[in-house]
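**Q** Note that full-length UniProt numbering numbers the sequence shown so that position 36 is 36, with each residue one more than the last.
By construction, the Cβ of each residue, glycine as well, lies at the ideal position given by its N, Cα and C atoms.
Just so you know, these numbers come straight off a predicted model, no measurement behind them.
Below you'll find the structure I mean.
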Amino acid sequence: MSIRGLGIGKPRTRLGKFLDNNGLTQSWLEQKTGISNPTMVKLCGDKSYSPYENTKIKIIKVLRKELDEYIDVNDFW
């Protein structure tokens, strides 16, 4: 049994785990970054997925701004 939105019972990348641990959703990050749902699903659940640099930068900028903390691209990829 999995609890929807908490990442329990499904594989998660470091980004996916970070969102779960901070109470953030993939759809929230999609809206803030403009990244498509299929790409966000890969970013949060497919450990073999390697995003483009501009995708990484979009995510890092939003997380830094919204969480007011330093987040490095190496934290996730």
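(1) Would you say ILE57 and LEU63 are within 8 Å of each other, going by their C-beta atoms?
(2) Output the residue ranges of the alpha helix (DSSP H) runs that lie fully inside the segment 8-62 and measure 4 residues or longer, sorted by chain position.
(3) By the three-class DSSP mapping on this structure, what secondary structure does ASP75 have?
(4) Evaluate GLN31 with the Cβ neighbour count: other Cβ atoms within 10 Å of its Cβ, from every protein chain shown; 16 or more gives buried, anything less gives exposed.
**A** Result, derived from the coordinates:
(1) Along the sequence shown, read from residue 1 onward, the residue named residue 57 stands at position 57. Along the sequence shown, read from residue 1 onward, the residue named residue 63 stands at position 63. Against a cut-off of 8 Å, the Cβ pair of LEU63 and ILE57 comes out as no contact.
(2) 14-21, 26-33 and 37-45
(3) Here residue 75 is taken as the residue at index 75 of the sequence shown, counted from 1. The answer is helix: DSSP assigns ASP75 an H, G or I state.
(4) To locate residue 31, count along the sequence shown from 1; it is residue 31. By the neighbour-count definition (other C-beta atoms within 10 Å, threshold 16), GLN31 is an exposed residue.
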